[in-house]
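Everything in the sequence shown is counted per our numbering, starting at 19 for the first residue and increasing by one.
Note that beta-carbon positions come from the ideal geometry of N, C-alpha and C, so glycine has one too.
Note that this is a predicted model, so its numbers are computed, not measured.
Reading through the C-alpha cells given below for one structure.
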Amino acid sequence: MFIAPACRILALGAATLWIAMGLMPVASWAESTVTQSQRFAVARVEVPAPVRVGAGDRIASSLLSEANLSAGGGSDRVDSVSESSDRASSELNHGPLDFLHGGPENWTSPEGLSGSLQSMLLLAVLSLAPAVLLMTTCYVRIIVVLGLLRQAIGLQSLPPTQVMTSVALFMTLFVMTPVWTRVYDDAVAPYTDPEIDMSLVDAYEAGSIPVREFMSRQIDTAGNHDDVHLFYSYMDADAPLPSTFSDVPMRVLLPAFILSELKTAFLMGFQIYLPFLIVDLVVASVTISMGMLMLPPAVISLPFKLLLFVLVDGWRLVVEMLMNSFGTF
Numbered sequence: 019m020f021i022a023p024a025c026r027i028l029a030l031g032a033a034t035l036w037i038a039m040g041l042m043p044v045a046s047w048a049e050s051t052v053t054q055s056q057r058f059a060v061a062r063v064e065v066p067a068p069v070r071v072g073a074g075d076r077i078a079s080s081l082l083s084e085a086n087l088s089a090g091g092g093s094d095r096v097d098s099v100s101e102s103s104d105r106a107s108s109e110l111n112h113g114p115l116d117f118l119h120g121g122p123e124n125w126t127s128p129e130g131l132s133g134s135l136q137s138m139l140l141l142a143v144l145s146l147a148p149a150v151l152l153m154t155t156c157y158v159r160i161i162v163v164l165g166l167l168r169q170a171i172g173l174q175s176l177p178p179t180q181v182m183t184s185v186a187l188f189m190t191l192f193v194m195t196p197v198w199t200r201v202y203d204d205a206v207a208p209y210t211d212p213e214i215d216m217s218l219v220d221a222y223e224a225g226s227i228p229v230r231e232f233m234s235r236q237i238d239t240a241g242n243h244d245d246v247h248l249f250y251s252y253m254d255a256d257a258p259l260p261s262t263f264s265d266v267p268m269r270v271l272l273p274a275f276i277l278s279e280l281k282t283a284f285l286m287g288f289q290i291y292l293p294f295l296i297v298d299l300v301v302a303s304v305t306i307s308m309g310m311l312m313l314p315p316a317v318i319s320l321p322f323k324l325l326l327f328v329l330v331d332g333w334r335l336v337v338e339m340l341m342n343s344f345g346t347f
C-alpha cells in the first residue's frame, strides 16, 4: 500500500536532480556572459583621464588629438591649438565668478570679504529704497488718516488693507508727480545724457533740492519747526540754529519731516473722529435710557455712522481735506 507513493516520490526526485544537472552548464555560461558584458559596459563608461583632471585639460587634450590627426603631427598646428586650449582653460578656471572658488577661506580673505560687504550693502540699499522713498513723500500722512477713518467708522476690516494701501499709493503718486518731474528734469536727465558732464554727487544735489523743498514746505505749513530744532540740537548742541531750511542737513530734515507728518495725521484723524464719537454717545445714551444694557451700542451705531458718512459724501471730504493740507505745487 505504501510502495506506490514511495516509488512516485523517488521518481520525482530523480527527475528534479536530472534537470538541475542539465541546467548547470547553461547557468555557468550565462554567468560568464553577464560578467563579460558588465565588464565591457564598465569599460565603455569608464571616465577618461582628461575628464578626471578638469574641464580645461579635457579641452586641451581633445584639441591636441584633433590637431595631430588632421595635420599629421605638424608642430605649428599643435602649438596654435595648445595656445587656444590654454586660453580656454584659463577662461574656465578664472572667470568672473573666480572669487567663489576656494570655499569659505577665500570668502573670508581681505579681497573676498571686501566683495561680500559690497554685495551686502548693495542688497541692503535696494531693500530699503522703497521705504526711504515713501518716508520722503506724503504717503505717511495719507495712510494714517485713512486708517483712523476706518477705526472711527467702526469697520475693522473694511475697506480691506490692500484697498486702503492702494488708495494711499495712488494719492501719493498724484501729489508727488510735480516733485518727481522736477527731480527727473534736474538730475536724472542731465546725468544720463552723454553730452552733459555731470557727476553723481552733482546729480544727487540737484535731485534732492525738489524733495527738500517739499518736506520743508510741509513742516513750515504745519508749524512744526520745533521738530527740526530738536534733531538739530542732538546733532550738534553747540551749533547755532539754522535760519533757513536750506541750512538743515538731510539727516535732520528726514526725521523731522516724518515726525511732523505723524502729528498732522493725528490731528486730522481727531477731526474725523469727533462726528462718529457723537453718534456713539447718542446711541449709547438712548440704549441705556431704554434699559437695553446687554445690547452693545456699536451694533446700533454702525448703521447710523455709515448713513451719516454716505449722506455727507465723506470720502470726498476726507480726500479734499488731505489734498488741501499739502497745498499746490
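Three CB pairs or more closer than 8 Å across the segment 296 to 307 and the segment 258 to 270: no
Exposure label - GLN180; buried when at least 16 CB within 10 Å: exposed
Proximity to ALA149 [Cα-Cα], best of MET341, ILE276, ASN342 and GLU338: Closest by alpha carbon: ILE276.
Rounded distance between the beta-carbons of ILE171 and PHE327, thought under 8 Å: 6 Å
Run of the alpha helix (DSSP H) containing ASP245, from where it starts to where it stops: 243 to 253
Between the CA atoms of MET341 and PRO273 - distance to the nearest angstrom: 22 Å
Residues of its chain near TYR222, where Cβ-Cβ distance is below 8 Å and the 5 sequence neighbours each way are ignored: ALA205
Distance CB(ALA186)-CB(ILE214) smaller than 7 Å: no
Spatial neighbours of LEU329 in its chain, beta-carbon cut-off 8 Å, leaving aside the 5 residues before and after: none
Own chain residues within Cβ distance below 8 Å of VAL336, not counting five before or after: Cβ neighbours of VAL336 beyond the five flanking positions: VAL163, LEU164, LEU167 and ILE290.
Reduced DSSP secondary structure (H/G/I, E/B, other) of PRO260: PRO260 falls in the coil class under three-state DSSP.
Spatial distance of SER137 from LEU144 (CA atoms): 11 Å
Contacts around GLY345, its chain only, beta-carbon distance under 8 Å, and the 5 residues preceding and following it disregarded: ARG235 and THR239
For GLN174, the three-state DSSP class (helix, strand or coil): In the three-state reduction of the DSSP assignment, GLN174 falls in the coil class, being assigned neither a helical nor a strand state.
Closest residue to VAL297 among GLN169, LEU311 and LYS323 (Cα-Cα distance): LYS323
Span separating the alpha-carbon of LEU152 from that of ALA142: 16 Å
For GLU231, three-class secondary structure by DSSP: helix
Where THR155 falls, given that 16 or more other Cβ within 10 Å makes a residue buried: buried
Endpoints, alpha helix (DSSP H) assigned at ILE214: Note, ILE214: premise wrong, no alpha helix (DSSP H); not H, not E.
Heavy atom of the ligand NAP within 6 Å of SER137 beta-carbon: Summarising the ligand content, the structure contains no ligands, and the ligand NAP is consequently not present.
When SER217, TYR252, VAL201 and HIS247 are compared against GLU231, the one with the closest alpha-carbon: VAL201
ILE318 beta carbon less than 7 Å from that of SER278: Cβ distance not < 7 Å, so SER278 and ILE318 don't count as in contact.
For TRP333 and ASP244, the rounded distance between their alpha carbons: 32 Å
DSSP three-state assignment for LEU140, whether helix, strand or coil: helix
Cβ neighbour criterion (16 or more within 10 Å) applied to GLY309: exposed
Among LEU139, ARG159 and TRP198, nearest to ALA283 - alpha-carbon criterion: ARG159
Environment of THR190 [buried if 16+ CB atoms lie within 10 Å]: The residue is buried, with at least 16 neighbouring Cβ atoms inside 10 Å.
With 16 other Cβ atoms within 10 Å as the buried cut-off, status of GLY241: exposed
Inter-residue spacing [alpha-carbon to alpha-carbon] between PRO293 and SER261: 41 Å
CB contact check: MET339 to chain D, cutoff 7 Å: Looking for chain D here will not work: only one protein chain is present.
Proximity below 7 Å, CB of MET233 to CB of LEU271: yes
Backbone CA spacing between LEU320 and LEU280 [nearest angstrom]: 27 Å
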